[in-house]
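In the UniProt record's numbering, the protein residues as written are 1 to 118. All C-beta atoms, glycine included, are put in the ideal place defined by N, C-alpha and C. Because the structure is a prediction, the values reported are computed rather than measured. Encoded as structure tokens, the structure appears first; notes follow it.
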């Protein structure tokens, strides 16, 4: 059998310098306000589309009857109601992302303040 070769332990401790974070883009960027504004516009459009689709999906029909009140019936079109539900769901997801974008844009710090923390 062969024995494992081990190096002798030394008493000197070598400290490794801290590595600087990469210079790539960070999470906190002021341009996130523009992204949030664009998403707010998209939310408004999606809500308008959802209301329009819901109104097309619910149809009231009246059947006149001699000597009595007319019979009122409501017909639901699933494709339009599904479109309305999908548009509202997407609007809620975008609303959550708007909150995230605004929080990240507000929490930005100038470069001097960020450098002084290190």
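- The C-beta distance from residue 87 to residue 40 rounds to 15 Å, too long to fall under 8 Å, and the pair is not in contact.
- The residue from 34, 46, 42, 53 with its alpha-carbon nearest to that of residue 77 is 53.
- Residues of the same chain with a CB within less than 6 Å of the CB of residue 59, apart from the 5 flanking positions on each side, are 75 in chain order.
- Between the alpha carbons of residue 95 and residue 69 lies a distance of about 46 Å.
- At a Cβ-Cβ threshold of 8 Å, residue 91 and residue 46 count as neighbours.
- In the DSSP assignment, residue 74 falls within the unbroken beta strand (DSSP E) covering 71 to 76.
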